Amino acid sequence: MRIVMNAVNTASAGGWGVFRGLVPALSAVATDDEITVLLPPGNSSLPMRDGARVVLVPQVRRGPRMQWRLVDDFFRLPAIARRLQPDVFFSITDLAPSRVGCPHVLLLHNPWVTYRLSRRQIGPSLRDQLIYAAYYPARFRRLWPRLARVIVQTPVMGDRLRARFGVPAERITVIPPGCLLNPGGTPLRRRRVTSAEPLRLFWPARAYPHKNHDVLAPLCRELMRRGLSDRVHFYLTVDTRSDRRGQRLLKGLRHCSSMVTNLGPLAKEQVERWFDQTDALFLPTLLESFSLTYLEAAARRRPIVTSDRDFARHACGDAGYYVDPENPGDICDRLRELIAHLNEGTVRIPDAPRDGQTGTSWNDVAARILSVLHEAAGADGRGTLDVETSPAVAAAGGSR
Numbered sequence: 474m475r476i477v478m479n480a481v482n483t484a485s486a487g488g489w490g491v492f493r494g495l496v497p498a499l500s501a502v503a504t505d506d507e508i509t510v511l512l513p514p515g516n517s518s519l520p521m522r523d524g525a526r527v528v529l530v531p532q533v534r535r536g537p538r539m540q541w542r543l544v545d546d547f548f549r550l551p552a553i554a555r556r557l558q559p560d561v562f563f564s565i566t567d568l569a570p571s572r573v574g575c576p577h578v579l580l581l582h583n584p585w586v587t588y589r590l591s592r593r594q595i596g597p598s599l600r601d602q603l604i605y606a607a608y609y610p611a612r613f614r615r616l617w618p619r620l621a622r623v624i625v626q627t628p629v630m631g632d633r634l635r636a637r638f639g640v641p642a643e644r645i646t647v648i649p650p651g652c653l654l655n656p657g658g659t660p661l662r663r664r665r666v667t668s669a670e671p672l673r674l675f676w677p678a679r680a681y682p683h684k685n686h687d688v689l690a691p692l693c694r695e696l697m698r699r700g701l702s703d704r705v706h707f708y709l710t711v712d713t714r715s716d717r718r719g720q721r722l723l724k725g726l727r728h729c730s731s732m733v734t735n736l737g738p739l740a741k742e743q744v745e746r747w748f749d750q751t752d753a754l755f756l757p758t759l760l761e762s763f764s765l766t767y768l769e770a771a772a773r774r775r776p777i778v779t780s781d782r783d784f785a786r787h788a789c790g791d792a793g794y795y796v797d798p799e800n801p802g803d804i805c806d807r808l809r810e811l812i813a814h815l816n817e818g819t820v821r822i823p824d825a826p827r828d829g830q831t832g833t834s835w836n837d838v839a840a841r842i843l844s845v846l847h848e849a850a851g852a853d854g855r856g857t858l859d860v861e862t863s864p865a866v867a868a869a870g871g872s873r
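In terms of my numbering, the sequence shown opens at residue 474 and continues consecutively.
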């Protein structure tokens with residue numbers, strides 16, 4: 474079977490994690506298939522098994538990224554699909570082209586499609602408001618009727634797709650992601666939290682609006698007001714070299730620099746090391762499709778302080794320390810609870826995924842995705858798969 478894998482516009486941190494884990498894994502499990510991978514800019518090679526029937530096609534980009542994404546989705550990618558004539562087209566980008574002339578499977582890891590945030594939560598940028606609140610949902614509403622399958626990473630995302638857009642359950646497949654971090658790591662601290670050894674919170678996230686870094690400044694002020702400023706320290710991974718939002722964020726944190734350290738972007742090995750050198754994952758995010766960070770924290774045996782949202786509770790269960798992500802006072806209460814549990818030795822830690830469990834090995838994930846791709850291509854050949862439903866019919870089916 475001939476597969477074209479569209480990773481051209483992979484841009485988010487989560488998307489890159491999926492890209493780096495999934496592409497080599499597909500080359501390992503797709504022994505009888507031919508795969509052409511359209512690589513995002515800056516990636517000309519990936520580790521592949523010897524003898525893999527995989528062709529990597531790097532893309533060259535100059536100019537505004539958003540303009541290229543529109544050109545790709547509406548013109549270039551459909552033209553490439555017509556020229557290559559694959560049996561199935563597989564997209565792992567935020568969104569994808571509508572018409573590719575063959576069954577099309579989308580791995581959706583764009584939470585902006587399924588969650589509604591207010592303009593205040595998105596931020597003051599009119600560009601961000603238009604893209605996240607308006608364009609992404611509208612684009613997906615037009616796209617999904619032409620998809621053979623939508624792969625999501627949690628049942629939460631599947632439920633939201635059905636509720637908001639009326640996507641039929643038979644079009645949705647839930648496949649959890651893999652985890653690139655090695656299980657284990659340094660045991661959790663046994664010493665009491667003091668001003669000399671404060672609670673060290675690891676926040677590995679880019680400065681996207683939905684990651685909610687804006688709560689950090691008022692949170693630091695609340696910690697100061699409660700006399701906890703010397704008991705808590707945050708470790709960020711914000712890129713200040715190329716991210717203007719990150720630059721503005723750190724400028725706004727100058728008054729609490731004693732409580733915040735920015736590590737900058739980290740490689741996989743550095744992420745493992747910083748999980749081991751800190752006490753807990755801190756992730757007060759406003760929305761997620763599935764954060765690999767939850768899996769990584771569990772693999773490294775660290776407690777998780779995160780948002781009281783459906784996606785977080787699905788990932789962490791009863792072991793999470795849940796907060797209202799927009800309420801600094803509530804966050805302080807949970808941090809005090811975590812400090813008390815650390816001092817008492819009663820910390821809650823999510824179960825670490827065991828090797829071989831569904832969703833923990835990228836090879837296992839790739840095998841399940843490959844099965845979906847074969848099913849989509851085979852069903853289309855038998856004439857039993859409806860790969861295009863009119864938007865009007867789709868709207869009548871329950872989208873809202």
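All residues carry an ideal CB built from backbone N, CA and C; glycine is no exception. Fair warning: this is a prediction, and the values are worked out from it, not measured in the lab.
Using three-state DSSP, classify residue i as helix, strand or coil.
i      : result
Gln558 : coil
Tyr708 : strand
Met521 : coil
Leu672 : strand
Arg875 : The question about residue 875 has no answer here: the residues shown for the chain are numbered 474 through 873.
Ser564 : strand
Gly832 : With a pLDDT of 44 at Gly832, under the threshold of 50, the predicted position of this residue should be treated as unreliable, though the coordinate-derived value follows. DSSP places Gly832 in coil when its eight states are reduced to three.
Gly487 : helix
Arg842 : Residue identity differs from the one stated: residue 842 is Ile in this sequence, not Arg. If DSSP states are grouped into helix, strand and coil, Ile842 belongs with the helices.
Leu550 : helix
Pro864 : Residue confidence is low: Pro864 scores 36 on pLDDT, short of 50, so the model does not pin down where it sits. Its coordinate-derived value is still stated next. Correct three-state label for Pro864: helix.
Val640 : coil
Cys652 : coil
Ala480 : coil
Ala498 : helix
Gly790 : helix
Asp824 : coil
From the DSSP secondary-structure annotation, give me the bridge partner or partners of residue i.
i      : result
Tyr608 : Answer by DSSP bridge pairing: none, since Tyr608 is not bridged.
Val530 : Leu511
Arg475 : Glu507
Asn735 : Leu709
Val796 : Ser780
Phe492 : Beta-bridge pairing links Phe492 to no other residue.
His847 : Beta-bridge pairing links His847 to no other residue.
His577 : Phe562
Would you give the residue range spanned by the beta strand (DSSP E) that residue i belongs to?
i      : result
Glu753 : In the sequence on display, residue 753 carries Ala and not Glu. Start and end: 753-756.
Ends of the alpha helix (DSSP H) at residue i?
i      : result
His814 : 801-817
Thr646 : No alpha helix (DSSP H) contains Thr646, which is instead part of the beta strand (DSSP E) from 645-647.
Thr766 : 765-772
Asp749 : 741-750
Lys724 : 717-724
Glu695 : 689-698
Val544 : 538-544
When every heavy atom of the ligand SAH is checked, does at least one fall within less than 7 angstroms of the C-beta of residue i?
i      : result
Asp523 : Because no ligand of any kind appears in the structure shown, any question about the ligand SAH cannot be addressed here.
Please confirm if residue i has its CB atom under 8 angstroms from at least one CB of chain B.
i      : result
Phe563 : In the structure shown, chain B does not exist; there is a single protein chain.
Three-pair Cβ contact test at 8 angstroms for the region 702-713 versus the region 768-777: Contact check between the region 702-713 and the region 768-777: fewer than three CB pairs, one atom from each, fall below 8 angstroms, which does not count as touching.
Validate contact between the region 740-749 and the region 714-725 using beta carbons, cut 8 angstroms, 3 pairs: no
Given 8 angstroms, three or more beta-carbon pairs between the region 601-620 and the region 564-573: The way I'd put it, the region 601-620 does touch the region 564-573; three or more beta-carbon pairs between them come closer than 8 angstroms.
Cβ contact check for the region 571-588 and the region 504-514: 3 or more pairs under 8 angstroms: no
Alpha helix (DSSP H) runs wholly inside the region 579-633, at least 4 long, in chain order: 592-595, 609-616
contact_flag[the region 642-662, the region 797-804] where n(CB pairs < 8 angstroms) is 3 or more: no
Any 3 or more C-beta pairs closer than 8 angstroms across the region 657-665 and the region 682-689: no
Validate contact between the region 529-542 and the region 474-489 using beta carbons, cut 8 angstroms, 3 pairs: yes
The region 751-766 in contact with the region 670-679 per 3-pair CB rule at 8 angstroms: Three or more beta-carbon pairs separated by less than 8 angstroms link the region 751-766 to the region 670-679, which places the two stretches in contact.
Cβ contact (3+ pairs, closer than 8 angstroms) linking the region 496-508 and the region 831-851: Verdict: yes, contact present.
Validate contact between the region 572-581 and the region 546-554 using beta carbons, cut 8 angstroms, 3 pairs: Yes: at least three Cβ pairs fall under 8 angstroms.
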